[in-house]
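Structure, as structure tokens:
There are 2 protein chains.
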Amino acid sequence: MNFCSNCGVAVQLRIPPGDNLPRYVCDACKTIHYQNPKIVAGCLPQWENKVLLCRRAIEPRYGLWTLPAGFMEKGETTVQTAIRETLEEAGAKVEISGLYTLFNLPYIDQVYLLYRSQLLDLDFTPGGESLEVQLFSEDEIPWDQLAFRVMHETLKLYFEDRGAGTFGTYVGDIVRTQDKASYIVSLMDKER
Amino acid sequence: MNFCSNCGVAVQLRIPPGDNLPRYVCDACKTIHYQNPKIVAGCLPQWENKVLLCRRAIEPRYGLWTLPAGFMEKGETTVQTAIRETLEEAGAKVEISGLYTLFNLPYIDQVYLLYRSQLLDLDFTPGGESLEVQLFSEDEIPWDQLAFRVMHETLKLYFEDRGAGTFGTYVGDIVRTQDKASYIVSLMDKER
Chain A
1 MNFCSNCGVA VQLRIPPGDN LPRYVCDACK TIHYQNPKIV AGCLPQWENK VLLCRRAIEP
61 RYGLWTLPAG FMEKGETTVQ TAIRETLEEA GAKVEISGLY TLFNLPYIDQ VYLLYRSQLL
121 DLDFTPGGES LEVQLFSEDE IPWDQLAFRV MHETLKLYFE DRGAGTFGTY VGDIVRTQDK
181 ASYIVSLMDK ER
Chain B
1 MNFCSNCGVA VQLRIPPGDN LPRYVCDACK TIHYQNPKIV AGCLPQWENK VLLCRRAIEP
61 RYGLWTLPAG FMEKGETTVQ TAIRETLEEA GAKVEISGLY TLFNLPYIDQ VYLLYRSQLL
121 DLDFTPGGES LEVQLFSEDE IPWDQLAFRV MHETLKLYFE DRGAGTFGTY VGDIVRTQDK
181 ASYIVSLMDK ER
């Protein structure tokens, strides 16, 4: 951020009175510009013993597989975002079963919310951001062709839970190692 | 938003190619300025049969009671936000038990995440944004002096669950009626 989005004057980076973090502030119109993490919401769509994945037609991770998800828009609820993204990316209509995973990704300032959901029919088709959309059983999941670690972790939990016959709601963190070469995944205690 | 925060030129509001919502776009440097909802995270701190509330020393709702919570900062996880806000507003140290409620507040573009937590000691004290901090048993809760509906709903669920002897994780929406005079609260099915 270089300029005030309200009045166009150059902003300064400093700690405002009563605050304890540096913010971009405008000395002309006195606006303080707060910047905060964003929410990505999506679905884990189920059909019998299979789950629906989309192969990405966009960067990053072009050509790799992911669960349908995207940035939450103003005016939406997180469930509405999850349903909309599933329709946009996979042409798929779902009924939400419940919140499944909340993953914090602090290195990119994102919080992922993935909902378990039931596909309402098999009438799905790739949207503009997908090359193809396909149902996978557990032994068909392309584990080495998944686009994002958060989807890998969510699918891993899902098949573990399905094996155990009960689904929880999980909160976890995915952080990057200092050399940025790999990730550390931690999950809050499943037992509460 | 009137000016591009990157280059300072006046922005235009229009739907970018490949998008379906109007965004503020800069024709000079080609930046698209996305605006998204914000996360507020906080705690429901427990001590024996009591919960900790803060009386607000700031607007909005000066003088009313709330659970400690605040805006998530960049670089944080939602759990870190909840712990930090509890320390800042109540001077209280907590251990997180688990995610308790996720409430969407689409009329103000906020998502609340409230975590059940255990107070580690009784050494709490009001921070700069609080007039006082106090433990309340269920029959002492100042229901008609609570600052926010989302805190009312979370506390209501908490005492119901405590009575039943088991705590879930709840996802709900709080929307405003068209005349903006009241709220409609809906909760996703508790049974999954």
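Line order of the protein sequences matches chains A and B.
The first sequence begins at 1 in the numbering used here and counts up one residue at a time.
The second sequence begins at 1 in the numbering used here and counts up one residue at a time.
Cβ atoms here follow ideal geometry from the backbone N, Cα and C, with glycine treated the same way.
Cβ-Cβ distance between residue i and residue j below 8 Å
{"i": "Q118(B)", "j": "Q35(B)", "result": "no"}
{"i": "A57(B)", "j": "A82(B)", "result": "no"}
{"i": "T78(B)", "j": "V111(A)", "result": "yes"}
{"i": "P60(B)", "j": "K74(A)", "result": "no"}
{"i": "Y115(B)", "j": "I141(B)", "result": "no"}
{"i": "T86(A)", "j": "A92(A)", "result": "yes"}
{"i": "E88(B)", "j": "G127(B)", "result": "yes"}
{"i": "F159(B)", "j": "E138(B)", "result": "yes"}
{"i": "V171(A)", "j": "L99(B)", "result": "yes"}
{"i": "M151(B)", "j": "L67(B)", "result": "yes"}
Paired residues, beta bridge with residue i - DSSP
{"i": "H33(A)", "result": "Y24(A)"}
{"i": "Q12(B)", "result": "V25(B)"}
{"i": "P60(B)", "result": "Bridge partners of P60(B): none, in fact."}
{"i": "E95(B)", "result": "Q118(B)"}
{"i": "L52(B)", "result": "L135(B)"}
{"i": "L67(A)", "result": "DSSP, once it has assigned bridges, lists no residue as partnering L67(A)."}
Secondary structure of residue i, DSSP reduced to three states
{"i": "Y100(B)", "result": "strand"}
{"i": "P106(B)", "result": "coil"}
{"i": "F159(A)", "result": "helix"}
{"i": "D19(B)", "result": "coil"}
{"i": "R192(B)", "result": "Interpretation of R192(B) is limited by its pLDDT of 36, a score under 50 that renders its predicted location unreliable; the figure taken from the coordinates is listed afterwards. Reduced to three states, the DSSP call for R192(B) is coil."}
{"i": "T154(B)", "result": "helix"}
{"i": "A147(A)", "result": "coil"}
{"i": "T166(A)", "result": "coil"}
{"i": "D179(B)", "result": "coil"}
{"i": "N2(A)", "result": "coil"}
Candidates the options, of which the one nearest residue i by Cα
{"i": "E129(B)", "options": "R116(B), V51(B), G70(B)", "result": "G70(B)"}
{"i": "N104(B)", "options": "V175(B), T86(B), T31(B)", "result": "V175(B)"}
{"i": "D173(B)", "options": "N20(B), I108(B), D179(B)", "result": "I108(B)"}
{"i": "V25(A)", "options": "K180(A), A181(A), D179(A), S5(A)", "result": "S5(A)"}
{"i": "A28(A)", "options": "P17(A), L113(A), L21(A), G8(A)", "result": "G8(A)"}
{"i": "L64(B)", "options": "D161(B), A164(B), V185(B), E132(B)", "result": "E132(B)"}
{"i": "F167(B)", "options": "T154(B), D179(B), Q178(B)", "result": "T154(B)"}
{"i": "A181(A)", "options": "R149(A), R14(A), L157(A), M72(A)", "result": "R149(A)"}
{"i": "A90(B)", "options": "Y62(B), C54(B), P106(B), L120(B)", "result": "C54(B)"}
{"i": "Q134(A)", "options": "L21(A), M1(A), K50(A), G18(A)", "result": "K50(A)"}
{"i": "I32(B)", "options": "L44(B), F3(B), I39(B)", "result": "F3(B)"}
{"i": "D39(A)", "options": "I15(A), L113(A), R84(A)", "result": "It should be noted that the sequence gives Ile, not Asp, for residue 39(A). Cα-wise, what sits closest to I39(A) is L113(A)."}
{"i": "L44(B)", "options": "A164(B), F136(B), M188(B)", "result": "F136(B)"}
{"i": "R186(B)", "options": "A147(B), L157(B), N20(B), V94(B)", "result": "Before going further, note that residue 186(B) is Ser rather than Arg in the sequence given. Checked all of A147(B), L157(B), N20(B), V94(B); the closest Cα to S186(B) is L157(B)."}
{"i": "Y183(B)", "options": "A164(B), P106(B), R162(B), W143(B)", "result": "P106(B)"}
{"i": "Y62(A)", "options": "L13(A), A147(A), L120(A), R14(A)", "result": "A147(A)"}
{"i": "R162(A)", "options": "W143(A), E48(A), V94(A), D144(A)", "result": "E48(A)"}
{"i": "V11(B)", "options": "N20(B), M1(B), P17(B), W143(B)", "result": "M1(B)"}
{"i": "K30(A)", "options": "L21(A), P16(A), M188(A), V94(A)", "result": "P16(A)"}
For residue i, the first and last residue of its enclosing alpha helix (DSSP H)
{"i": "V79(A)", "result": "78-90"}
heavy atom of the ligand MN below 7 Å from residue i C-beta
{"i": "P17(A)", "result": "By its list of ligands, the structure shown contains no ligand whatsoever, and the ligand MN lies outside what it can speak to."}
For residue i, the first and last residue of its enclosing beta strand (DSSP E)
{"i": "E132(B)", "result": "130-136"}
{"i": "S186(B)", "result": "183-187"}
{"i": "I174(B)", "result": "170-176"}
{"i": "L44(B)", "result": "38-47"}
{"i": "G127(A)", "result": "First-last for G127(A): undefined, no H or E at that position."}
{"i": "G75(A)", "result": "That residue, G75(A), is in no beta strand (DSSP E); it is neither H nor E in DSSP."}
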